Every structure is written in C-alpha cells, then in structure tokens.
Amino acid sequence: MADGEKRSVGDWTKRELYELAKKKAIKGRGSMGKAALYEALGLGSAGPVEAAVTGVPGVTSAPAGADAATSAGAPAAAPAPPPPSAPEAGPYVERGAPIPDTYGEDKLMALVRDPRWVFCYWELEGGACQRIIDERGSDFLSSAAWVVREHNLTAGSSTDAPVDAGAGNWYLKVEPESRYRFEIGVVSPGGEFLAVASSAEVETPPEGVSDEVDEQWMLVRADLDRLIEAMGGVQMGVPGSALGKRFEFPKELARFSGAISSRGISSRGGRR
Amino acid sequence: MPVGSWVIVLHAHLPYVRHPEHPDFLEEDWFFEAMTETYLPLVQAFERLASDGVNFRVTMSLTPPLCEMMADPLLQERYLGHLGRLIELVERETGRLSGTDFEEAAWMYRERLHCAREEFAGRHNRNLVHAFRELQEAGFLEVVTCGATHGFLPLMATREAQRAQIRVAAANYRKHFGRGPRGIWLAECAYAPGVEEHLAESDIRFFFLDTHGVVFGSPRPKYGVFRPVFTPSGVAVFGRDVESSRQVWSSKEGYPGDYEYREFYRDLGYDGEYESVRPALHSDGVRRSIGIKYHRITGEVDLHDKGPYRPRIARERAAEHAGNFMFNRQQQMRHLRGLLGTEPLLVSPYDAELFGHWWYEGPEFIEFLLRKLHYDQDEIRLVTPSEYLAENETLQVIRPSTSSWGDKGYMEVWLNGANDWIYRHLHKAEERMLELARANRSASGLVLRALNQAARELLLAQSSDWAFIMTTGTDLAYAEKRTRDHIHRFNGIYLQLTEDRLEEPWIAELESRDNIFGEIDYRAYL
C-alpha cells in the first residue's frame, strides 16, 4: 500500500510511523505508542480520545479515583440501546493514564535482544549536554555528530554507530558470544569524543553449539550433530511460523498472550 | 520394559485482568473462556483418570496471576454470571436446532456447560486451584510456579527486580498450595545467566528451557536435551524436545488442523440471530465470539462452506490421534535409546490453553493419551521432574545459553519497534522501587500499605503479556493502557511517599482494584 493510501492508524506499522516521526523530528517520539505517533504526525485521530488528564493524583488536587485520566474503560461506556442490527466493533479507545516523557537524567541502557542485536535507549536530560555547552561552547555541540560508541570487550575493538540523538533509542548490530559496553556522546569534526552517558556491561549469547567439552561427559562433535539431527534440528522457539495462516487471528478473536503466544504469531519481522 | 521417560508440561497462564470499576469488561472473557474450555475440562479429565485408577503424571505450571484470578471472589461471581447467560442461550438453541445436523453439537454444549457450572460452584467451591492442589497431593500432578506476574526476566534492569518476581511467586505458591514450589516455569522460558541464582535462593530445584538453551550451553551437553543438566548453582534444567512439539503445534503437520475438529472461526456470536444471542454478548451489543461453535474445519474451504460439527466423530478422531501420538513417541524413544546408550527423557511442554481453547478436542486427546499410556504399553514411563531428579542424582553441569521459547529463540518478540518504548519506564520504576524499599526497611501503617501497593503496580506493569500483545497487535490499546496505568499509579505512589503526602483514599482505591497478591511483602525488593 503506497503511503498516500494509508488512512487509519491500523494501516500503519509502529515502525513506519516512527520513521516518519523521525523525519519530521517529532519530539518525544521515542516514548510514544503507535496511536500517539499517529496523532502527533497529524494523520488524524487514532480514535475518539478521552478527555485530557488532570495530572498525577497528589500533585494537583485531583479527586480520588485511581486515574485522573479516565474511567470509561471498555466499550462498556454504555451507548444507547443498539438498533436491531448489531453495531460495528469500534476501536478500543482508552489508552491509559499519562506517563512522563523523560525522567531528567543522563542515561544509556543496553539490552541484549539476540546474538546479533543489542537495543539501546538513552536520556540526555540530566545536564551533561549543558555542561558541554558551558565548557566548549554551543558551536562544539552543534557541529559534532552524535554516536553510540560500541566497545567490544571480547575482541578489544571499538566502533562508532551514528545515531539520531532525538530518537531516544537504537538497535545496534553486534557479534555473538561477546561482551560489550556502550557509550553515547558526540564526536567533533576533529575526532574528539565526549561521552554523555555509558551503559553497564552486557554479553551476547552464542549462536550455535559450544566448543567447550567436558572430559567427564565427553561428546564428540560428530555425535552431537547426529543427536541434533535426531532431535529434528534445533528449532528456535516452538513452531510458530509453521502455524501460519491457520492460526493467525483477526484482532477480535486472538487475545491470549498464552496459547498461541510466541507460537502462532510471528513477530512479522519483529516490527509491528 | 521401560525404554525411556516422559515429562509432559502444561503451562497455564493468563495475565491478571480484573476490572471492578466496570460491571462488564471485555478482556475478562479471556479468563472465562479458558476456564470453560481448558481448565475445567482438564481438571475433569484428571479426576476421571484418577478415579479410574489410571496412574498418570502431568506437570502443570499455574502462574500466580492465574491462581489469583481463580481465587478471586469477584471473578468467580462474574464467571458464574457468564456461564448462566451461556446456559440460557444454549437451552434455547437445543430447541431451535432440534432435528437438524447441528443438534448434536447444541446438546453437547448444553451438557458441558451445565456440568461446568455444577462442578465449579459445587465440588470446587468456586476455586479451581483447590482441584489442582488435591491432584498434586494425590501424586498425579506436579504443579510448578512461574514469575510473579509472568515478567520477562532477561529484559529487567536489576537483579533485585528479577529476584523479587521469584520471591513473590514462591510466597504466593505457598499460599495456594501449602508448601514451597519445587520447580518453576520461567515466563516464556526466557533465561539469561544469573536467573538460576534467584531460583536457588527460593529453594526451587528445576526449571525449563527451550532446546537451544541447553544445546548451546557450555560445555556441550553429552545427551543433548534428552537428560536434564545442572547449572553450576545446582538447579536442574529440563530442555524442550522439538519433535513432540511439532505434532501438536504445527497446523500443517499437527493434529489440531484435522478436518473433523471444531472450526474456531464460525461462532454463534457472529452467526446467530441478533436478538437471540444479544443477552450473551457484552453490554455494548457488539457481536463477538462467545465460544458456541457449530462447524467443523471440513477442509480447505471458505468459512461459509464449513460443515456441521459432529462431536462423536471428533472425539473418535482425538482417540486416534492420541494413539498415533503415543506410537510416535515410542518410536522416538527407541531411536534415542539406541543413539544415547541410555534411557532418554523427553520433555514436552505446551501452553495449556492450546488444549480446549484453541484446539477444542485437546483435553479429550490428553485424556485418551494418558489412558493409553497406562493400559496399552509399558515402554514409556510418565514422570514428574521431581521424581526424575530423585532417581537420577548425577547430572552433567553446564552453563545454559541465553534463550527463550519465543519466535526466533531470543528476545525479539518482547523487544522490537512495537514495544521497546516501555522499557525505560519499567526500568525507572524498578530503580525507584529499590530506592523506596531501602529507605523504608521496616514500614508500618499507611506507609507499609503504600509500599506494598507500589510493589503490586510494578509487578503488574512487568507482565510480559503487554509487550507480547503489542507485538501481535491483537488488543494493542488494552496492552498500552495496562502498561501506562500501572506505571502511572506506581509513579504516583512514589511521589506521594518521597514527598511525604500519602493520600489514604487513593491508596485504598488502588488496593481494591489492583488487588493481586494480598500477602505481598515489599521487602522482596531488599
């Protein structure tokens, strides 16, 4: 479907909306859900929205009631008695109470996704950027490029991945079975790197069978291969994609995270 | 002559969904449907087997949120109301369909629903956990626990938060089952090194991993997944067998797609005459699935060409498949025995809801399988993990590999463009919870209540279900709502505590809504 033909929020994937928001430099896009991105992009209303929130109870003198935001909840905001033909199922509109965009910190967090990908998110609201401006001038910052510096501690090497600081997060390609530490900062045209935040050490898992062998429990590689063959191969995750179309549920029917859970529904390339 | 042993695991889980603030809430249906189609039928099957003298063994994981829902008076009451409405409908249906090809199915629903209501309200006294407990105490089931709210441990920021999920789960298990849990089903089998130390601390002796969690471990496991292994801390790991999964999970090669089985996508809620089904729908009157389905899969045909469901024929098919499944396991065991030079152990885990909810005939299949294993053969021995460990004390020690049983084998399903935004909020809440716990080591009164409620809100926000649903997109708004609501409530409590201005009415409101884990102790975070 060409971009111009997309109408409702359901026609977009979150990734597509995010990429568009990035192009348009929508602020706070890193912590927006799909519906919020859709509306922030001015594509329309993601659905009738509840009245604006009055804030965290206790901060304002909001009335008691678990969430100042809303109470209408489920489609149970009882409409008038239905006409003889059934009404259309509308989108579930309540999206929950407000949460902060940022927590006012300088922070970089790395999460291992699989042997070849690490997910990083960051915040640059804790004052480190201001300190750089104070010490080096605002020109320094505006002429420098933002990067995530990846330190592969196992290989003893480092690489820079250019990132969009406003994105708030990034997926980084990495090596399996390796230890990493990450830093986010700026590189000046002269090549000087100033770090703003750094992550803890993380380790990526292996992608295959170990080379390490226990003498007490000897297993020659060829035997393990035969064993794996007898197992029917090493299948990552329970046969999900095998369930294919048969068990792919339209929105109304598939609500369990359990049963089909990871199985029936592939992550569709991991993006939705 | 035993050739090998078999551990069958049914993992039963639902996220904690309970909305007292609305008289009728759509997502509570997940619980009602699973009760009617999976949990009650499984209990009925197990009880029949027990009273018939069939010596079976099944390992069941019942997650804390599921146990809490089963034990919750409001949900029990609502479930009865739900059953009542369905029963009224099917009583009209048996009349309406009299003399047609659909009559057999209508009577089947009528009998089953009546039975469900009688047993639920009568013998089980509305709390199905008791039934599982009794079956465990009688020796037929081994019930294992799961993380407190099915939280995805490898994506948590702090070891303390991982550990708290385990501690809270162990305490909750003790409340429901009268003793500590011996085993655990990690949510999504999601593992990263270090998790096993939390298990050891709570005296949990075994857990389960996907195949590659064991096979890619270090050093190489001599028997692949066909014997459990020890982690260096002494906690045992059981790895999933691929082949026995395939036959049940796969739609192409597997049993559930058989043409005689019930078709999921034709439902009276959509097909029925509106005024007649209206009382069984939700208060908004929107047509949705209600679990009364009259058609069989029939073949690769359009929905409107599906033929009538014939319960007796479907049941016979389930019996055939059970026999076939057992036969294939025997073949597999013999082959493995030859290859390994020792008795193999097969570990076959499934989501419990596959049996009954997705595959309607599933519980019948299981009952036939367990009967045949008992009466028709002696090569395969059903065991529980605890029994196996008691008999086999010498196991290889390996360090398992980071893994999950999710699509592609790692974390992607829970960490991708649809849901990665949640983690900064969950992690911040973790940090804050640790801060709160450390600043208030012996709290009492309203402060104690607030700390405990903060712990509840964090745990509920951490349900891996929300991230999962965001990936599948099946009920995206609800998953986002739950995440935001719990983070919001947590942050609210945090601010009130740190600014020393607790509002009792608000805390009380949260306690009554997010009431999971009445027994919770925030010091699980210390």
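These protein sequences, in sequence, are chains X and D. Note that the working numbering numbers the first sequence so that position 80 is 69, with each residue one more than the last. To convert, take the position in the second sequence, counting from 1, and add 849; that gives the working numbering. Don't be surprised by glycine CBs; every beta carbon is placed ideally from N, CA and C. As the structure is a prediction and not an experimental result, all values here were calculated from the model.
Note on geometry: alpha-carbon atoms of residue 883 (chain D) and residue 1003 (chain D) lie some 28 Å from one another.
78, 79, 80, 81, 82, 83, 84, 85, 86, 87, 88, 89, 91, 92, 94, 96, 98, 100, 101, 102, 103: these are the residues of the region 78 to 103 of chain X whose beta carbon lies less than 9 Å from some beta carbon of chain D, given in chain order.
Per the C-alpha coordinates, the member of D:1068, D:1078, D:1047, D:1050 positioned closest to residue 1058 (chain D) is D:1078.
With contact defined as three or more Cβ pairs closer than 8 Å, the region 908 to 916 of chain D and the region 940 to 953 of chain D are not in contact. Put simply, the backbone Cα of residue 926 (chain D) is about 12 Å away from that of residue 873 (chain D). DSSP places residue 102 (chain X) in the strand class (E or B) of the three-state scheme. Per DSSP, the unbroken beta strand (DSSP E) holding residue 1230 (chain D) starts and ends at 1229 to 1231. Boundaries of the alpha helix (DSSP H) harbouring residue 219 (chain X): 210 to 219, taken from the DSSP string.
The C-alpha of residue 1037 (chain D) lies about 14 Å from the C-alpha of residue 1011 (chain D). Cα atoms of residue 1317 (chain D) and residue 1000 (chain D): separation of roughly 11 Å, rounded to the nearest angstrom.
Closest by C-alpha distance to residue 94 (chain X), out of X:104, X:110, X:101, is X:110. For residue 175 (chain X), not one C-beta of chain D is nearer than 7 Å to its own C-beta. When Cβ pairs closer than 8 Å are counted between the two stretches, the region 1093 to 1108 of chain D is seen not to touch the region 1125 to 1143 of chain D, the count staying below three.
Within chain D, not a single residue places a beta-carbon under 7 Å from that of residue 181 (chain X); the smallest gap is close to 29 Å. Under the three-pair Cβ rule at 8 Å, the region 1150 to 1157 of chain D does not count as touching the region 182 to 189 of chain X.
Cβ proximity to chain X below 8 Å picks out 1253, 1254, 1255, 1256, 1257, 1258, 1259, 1260, 1261, 1262, 1264 from the region 1253 to 1264 of chain D. Rounded to whole angstroms, the gap between the alpha carbons of residue 891 (chain D) and residue 1212 (chain D) is 6 Å. At least one CB atom of chain D sits nearer than 7 Å to the CB of residue 221 (chain X).
For residue 203 (chain X), the C-beta contacts it makes with chain D under 7 Å involve 1068, 1245, in order along the chain. Exclusion of the five residues before and after residue 1023 (chain D) leaves 1029 as the residues of its chain whose Cβ lies within less than 6 Å of its Cβ. Your pair residue 176 (chain X) and residue 209 (chain X) does not check out as a contact, with CB atoms roughly 49 Å apart and the cut at 8 Å. Chain-order list of chain D residues neighbouring residue 108 (chain X): 1264, 1269, by C-beta distance under 7 Å.
For residue 1347 (chain D), the secondary structure class from DSSP, reduced to helix, strand or coil, is helix. Residue range 853 to 861 is occupied by the beta strand (DSSP E) that includes residue 854 (chain D). DSSP places residue 21 (chain X) in no beta strand (DSSP E); its state is neither H nor E. One finds nothing in chain D with a Cβ atom closer than 8 Å to the Cβ of residue 152 (chain X); even the nearest lies about 14 Å away. Annotated three-state conformation of residue 911 (chain D) is strand, per DSSP. Measuring C-alpha to C-alpha distances from residue 1088 (chain D) to each of D:1347, D:858, D:1359 identifies D:858 as the nearest. Residue 159 (chain X) is outside the set of residues whose beta carbon lies under 7 Å from a beta carbon in chain D.
A residue is called buried when at least 16 other Cβ atoms come within 10 angstroms of its Cβ; residue 1224 (chain D) does not meet this threshold and is exposed. In this structure the region 200 to 218 of chain X does not touch the region 1266 to 1278 of chain D; the number of beta carbon pairs closer than 8 Å is below three. In this model, residue 1112 (chain D) and residue 1120 (chain D) are separated by some 13 Å (Cα to Cα). For the pair residue 1208 (chain D) and residue 1139 (chain D), the Cα-to-Cα distance works out to about 15 Å.
For residue 185 (chain X), no chain D residue has a Cβ inside 9 Å of its Cβ, as the nearest lies near 16 Å away.
Assignment of beta-bridge partners to residue 155 (chain X) by DSSP yields no partner. Of all residues in the region 1316 to 1342 of chain D, only 1317, 1318, 1319, 1320, 1321, 1322, 1323, 1324, 1325, 1326, 1327, 1329, 1330, 1331, 1332, 1333, 1334, 1336, 1337, 1338, 1340, 1341 place a beta-carbon less than 8 Å from a beta-carbon of chain X.
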